[in-house]
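Notes follow once the structure below has been shown.
Number of protein chains: 2
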Amino acid sequence: MTTPAVESDLGWALGAVFRRYVRSAERVLAGLPGGPRGYQVLTSAVEGEACSQQTLAHRLGLDKTVMTYLIDDLERAGLVERRPDPADRRARLLSATAAGRDSLTATAAALRRAEDEVLAPLAAPERDLLRDLLRKLATREDANEACNAPC
Amino acid sequence: MTTPAVESDLGWALGAVFRRYVRSAERVLAGLPGGPRGYQVLTSAVEGEACSQQTLAHRLGLDKTVMTYLIDDLERAGLVERRPDPADRRARLLSATAAGRDSLTATAAALRRAEDEVLAPLAAPERDLLRDLLRKLATREDANEACNAPC
DNA sequence: TATTGTTATACTCTATAACTATA
DNA sequence: TATAGTTATAGAGTATAACAATA
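Residue numbers (UniProt numbering), protein chains in the order written: chain A, 1 to 151; chain B, 1 to 151.
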């Protein structure tokens, strides 16, 4: 056996790729509050799909308190805003500022390059295939998850 | 747009799948010290591929101090043993006990079922394809990584 | 002097619990 | 009474630094 046995383990491979991705993304998103997570929140804010902080937190795999801190930072940086939801004034509607949209546009390209660097060992069709397979797994709607639903 | 935009993000999908995997694996490996990580260390120990704790730590994406604690727990549970490497007595050679091998055998099947549950939305050929693609990304040998090398 | 592994310590990150305001 | 969000606090997890043994 010329290859370590852990390397045939799905969990190991998943973890290794995930770590590599996070490292690349953090390098590219160093200037953005919250790094990769902040980027995902900002994306959701720009798309106006943040029904509530809790829904967004769940979708992103975060605790609601972590989401509070994250948005605090993004708001302090002038990238997003929250205002009470008129329909339910306990909840906050998250929206991106002009600066936030600009920041997203600017970083999106760089992040894409970082992704491609992580996917470098794969040919272009394989990259798309992997993206599709992962998305298919990630967006499965089972259990009690209302987190895939749009606003 | 009927689907949240974050869901077309590779990082989001990778994170979501990874979180789902870890949750499943932790449930199945609840009895094993260190959970999924302990499992990976145990696998390496059984295969006798743990040249040094540091090499193994790097391969598994852990700090060397974390590796110490992890092995402490596995050793206390009687699953692995460490003894000085005759070739370099600073290093420890990690090996599995009979109980460790039994434990790995017993949990491997359960873990495989947990994996398949995570991969459930995919057809069998797609699952294999995903495993291959991830492994291809994870085992790329670049930079200064001697961590893919066998012992 | 450099390196492996250990230990102690400090730090970061996350989750728990209590609170405010809405419903 | 229950829920969204916030805040403070405690806890888990991680990394840093100092050390002992060996190279």
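By construction, the Cβ of each residue, glycine as well, lies at the ideal position given by its N, Cα and C atoms.
Determine the direct distance from the alpha carbon of residue j to that of residue i, and round the result to whole angstroms.
{"i": "Ala13(A)", "j": "Ala99(B)", "result": "26 angstroms"}
{"i": "Arg59(A)", "j": "Gly11(B)", "result": "13 angstroms"}
{"i": "residue 177(A)", "j": "Glu47(A)", "result": "Nothing about residue 177(A) can be read from this structure; chain A reaches only from 1 to 151."}
{"i": "Leu74(A)", "j": "Ala45(B)", "result": "45 angstroms"}
{"i": "Arg83(A)", "j": "Asp63(A)", "result": "20 angstroms"}
{"i": "Gly34(B)", "j": "Asp116(B)", "result": "22 angstroms"}
{"i": "Val80(B)", "j": "Asp72(B)", "result": "9 angstroms"}
{"i": "Arg90(A)", "j": "Gln53(A)", "result": "11 angstroms"}
{"i": "Leu104(B)", "j": "Gly31(B)", "result": "12 angstroms"}
{"i": "Arg101(B)", "j": "Leu119(A)", "result": "35 angstroms"}
{"i": "Glu7(A)", "j": "Ala96(A)", "result": "42 angstroms"}
{"i": "Gly15(B)", "j": "Ala124(A)", "result": "22 angstroms"}
{"i": "Phe18(B)", "j": "Asp9(A)", "result": "13 angstroms"}
{"i": "Leu122(B)", "j": "Leu133(A)", "result": "8 angstroms"}
{"i": "Arg92(A)", "j": "Ala5(A)", "result": "48 angstroms"}
{"i": "residue 171(B)", "j": "Arg20(A)", "result": "Given that chain B is displayed from residue 1 to residue 151, the structure contains no residue 171(B) and the question cannot be resolved."}
Within the same chain, show all residues whose beta-carbon is closer than 6 angstroms to that of residue i, passing over the 5 residues directly before and after it, in chain order.
{"i": "Ala50(A)", "result": "Ser44, Leu56, Leu94"}
{"i": "Ala77(B)", "result": "Pro33"}
{"i": "Asp85(B)", "result": "Ala91, Leu93"}
{"i": "Met1(B)", "result": "In this predicted model, Met1(B) has a pLDDT of only 43, less than 50, meaning its place in the structure is not dependable; the value taken from the coordinates is given anyway. Within the same chain, Met1(B) has no close Cβ partners at all."}
Quick one: residues in its chain with C-beta nearer than 8 angstroms to the C-beta of residue i, no 5 flanking neighbours on either side, listed in chain order?
{"i": "Val28(B)", "result": "Thr107, Ala110, Leu111, Arg113, Ala114"}
{"i": "Asn144(B)", "result": "Low confidence applies here, because Asn144(B) scores a pLDDT of 42, under 50, leaving its location unreliable and the question unanswered by this model."}
Take every Cβ of the segment 56–71 of chain A, pair it with every Cβ of the segment 124–138 of chain A, and state whether three or more of those distances are shorter than 8 angstroms. Cβ pair count under 8 angstroms is below three, so no.
Can we say the segment 125–135 of chain B touches the segment 38–58 of chain B, given the rule of at least three CB pairs closer than 8 angstroms? Not touching, per the Cβ criterion.
Taking contact to mean at least 3 C-beta pairs separated by less than 8 angstroms, is the segment 48–68 of chain A in contact with the segment 16–27 of chain A? At 8 angstroms Cβ cutoff, the stretches do not touch.
Could you pull out every unbroken alpha helix (DSSP H) segment of at least 4 residues lying fully inside the segment 42–71 of chain B, listed in chain order? Fully enclosed alpha helix (DSSP H) runs of 4 or longer: 53–60.
For the segment 6–26 of chain B, which residues have a CB atom closer than 9 angstroms to at least one CB atom of chain A, in sequence order? Within the segment 6–26 of chain B, the qualifying residues are Val6, Glu7, Ser8, Asp9, Leu10, Gly11, Trp12, Ala13, Leu14, Gly15, Ala16, Val17, Phe18, Arg19, Arg20, Tyr21, Val22, Ala25.
Entirely within the segment 71–116 of chain B and at least 3 residues each: give me those beta strand (DSSP E) ranges in chain order. 80–85, 88–96, all fully within the segment 71–116 of chain B.
Identify each residue in the segment 117–133 of chain A for which the Cβ-Cβ distance to at least one residue of chain B is less than 8 angstroms, and report them in chain order. Identification of residues in the segment 117–133 of chain A having a C-beta nearer than 8 angstroms to some C-beta of chain B yields Val118, Leu119, Ala120, Pro121, Leu122, Glu126, Leu129, Leu130, Arg131, Leu133, given in sequence order.
Check each residue of the segment 27–40 of chain B: if its Cβ is closer than 7 angstroms to any Cβ of chain A, include it; give the result in chain order. Here the close residues are Pro36, Gln40.
Report the residues of the segment 47–73 of chain A with a CB closer than 8 angstroms to any CB of chain B, ordered along the chain. Taking 8 angstroms as the Cβ-Cβ cut-off against chain B, the residues of the segment 47–73 of chain A that qualify are Glu47, Glu49, Arg59, Leu60, Gly61.
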